[in-house]
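S.K.: Pasting in a structure now, in structure tokens, and then I'll have a few things to ask.
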Ligand code: PAF
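In our numbering, the protein residues as written are 1 to 289.
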């Protein structure tokens, strides 16, 4: 595995790759790698000649009161994990390398962001899309891999690729869970023992919603209400949102009659956790493309 920190060097390598008909699979991350990330690498490895992973904690997507400084980082461990999973190129730029000067041009997102995390994190998705624009240009990837745990990110990137005509195929990959169902996340390390025990109820609340749908409930408001009650009774966290929306458009739904997402976000003391199920109208977990 080659570790590259300079944009120019990454671009030179990509130029060489592009001289032969090789496919490039790209896994953008912010590091502190866990099984959620390595599953993306495994998918990329199966389907591409070359796999590039980036690790970059992108300041542009953090609000002023968010955890940019405190975001967990462990470069040595990450390098080992990336190498063990067959990453060919690990792109590890510094903030100065990515943003040597104040950005005069950024990509702004106006659709699919006034709900879910976009509502409570203004500017977050514009920061994500801006850094991805840079990373897609630098890596010239053919295929990009994202986890469905960040479902709104998947929906926004889907639209970004279409609206801005990036010649890249998006591959959303299923959420990887702990044995008890908790979605894997770099932020789980911030949970206290009590909160870790409670956190499983986010997943359980989604299972409850799915059961309601299997039982024939079609009214999103009723399901949202049940899920909120369940989370409030079983965790000490504060609910940020529980929402049911059409997927991937993230439009409101009056009746569940099309593919949709039920998504939850709960603030614990030091960690805000999110989780979701993307389902078809009959409650089956949907394999969105
Ligand atoms: O999902 C993430 O880790 C980040 O939002 C991403 C896609 C790497 C952009 O910084």
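No residue lacks a Cβ here, since even glycine has one placed at the ideal position from N, Cα and C.
Give the single residue among 183, 259 and 61 whose Cα lies nearest to the Cα of residue 120.
M.R.: Ranking 183, 259 and 61 by Cα distance to residue 120 puts 61 first.
S.K.: Run through the DSSP bridge pairs and tell me what residue 241 is partnered with.
M.R.: DSSP lists 265 as partners of residue 241.
S.K.: At what residue ranges does the segment 120-163 contain a whole run of the alpha helix (DSSP H), taking only runs of 4 or more?
M.R.: The qualifying runs are 124-139 and 151-163.
S.K.: Check whether the Cβ atoms of residue 268 and residue 191 sit closer than 8 Å, and answer yes or no.
M.R.: Their beta carbons are under 8 Å apart, which means residue 268 touches residue 191 by this criterion.
S.K.: Would you kindly work out how many angstroms separate the C-alpha atoms of residue 176 and residue 183, rounded to a whole number?
M.R.: Their backbone Cα atoms lie some 6 Å apart in a straight line.
S.K.: Is the beta carbon of residue 132 within less than 7 Å of some heavy atom of the ligand PAF?
M.R.: Yes, the Cβ of residue 132 comes within 7 Å of a heavy atom of the ligand PAF.
S.K.: Please confirm whether any heavy atom of the ligand PAF lies closer than 7 Å to the CB of residue 61.
M.R.: Answer for residue 61: yes, Cβ within range of the ligand PAF.
S.K.: Tell me whether the beta-carbon of residue 258 lies closer than 8 Å to the beta-carbon of residue 281.
M.R.: Yes, the Cβ-Cβ distance between residue 258 and residue 281 is below 8 Å.
S.K.: Could you give the C-beta distance for residue 4 and residue 91, rounded to a whole number, given that I count them as a contact under 8 Å?
M.R.: That pair is a contact at about 5 Å.
S.K.: Assuming residue 256 is part of the beta strand (DSSP E), what are its boundary residues?
M.R.: No beta strand (DSSP E) contains residue 256, which DSSP labels as neither H nor E.
S.K.: Could you tell me which whole alpha helix (DSSP H) segments of length 4 or greater appear in the segment 24-82?
M.R.: As far as the segment 24-82 is concerned, its whole alpha helix (DSSP H) runs of at least 4 residues are 35-47.
S.K.: From residue 23 to residue 150, what distance separates their C-alpha atoms?
M.R.: Taking the straight line joining both Cα atoms gives about 25 Å.
S.K.: Considering only their Cβ atoms, is the gap separating residue 26 from residue 141 smaller than 8 Å?
M.R.: Yes.
S.K.: Quick check: does the Cβ of residue 276 come within less than 7 Å of any heavy atom belonging to the ligand PAF?
M.R.: Result no, Cβ not under 7 Å from the ligand PAF.
S.K.: Our contact map puts residue 148 next to residue 278 with C-beta atoms below 8 Å; I'd like the distance itself, whole angstroms only.
M.R.: Right, the Cβ-Cβ distance comes to about 6 Å (below 8 Å), so this counts as a contact.
S.K.: Kindly indicate the opening and closing residues of the beta strand (DSSP E) around residue 230.
M.R.: Premise fails: residue 230 lies in the alpha helix (DSSP H), 220-234, not in any beta strand (DSSP E).
S.K.: When we look at the beta-carbon of residue 125 and count the other beta-carbons within 10 Å, is it buried (16 or more) or exposed?
M.R.: By the 10 Å Cβ count, residue 125 comes out buried.
S.K.: Span of the beta strand (DSSP E) holding residue 201?
M.R.: Run containing residue 201: none in the beta strand (DSSP E); it sits in the alpha helix (DSSP H), 193-214.
S.K.: Hey, is residue 111's beta-carbon within less than 8 Å of any beta-carbon in chain D?
M.R.: The displayed structure is made up of one protein chain only, and chain D is not part of it.
S.K.: Should residue 74 be listed as close to the ligand PAF, given that the test is whether its C-beta is under 7 Å from any heavy atom?
M.R.: Incorrect: residue 74 has no Cβ contact closer than 7 Å to the ligand PAF.
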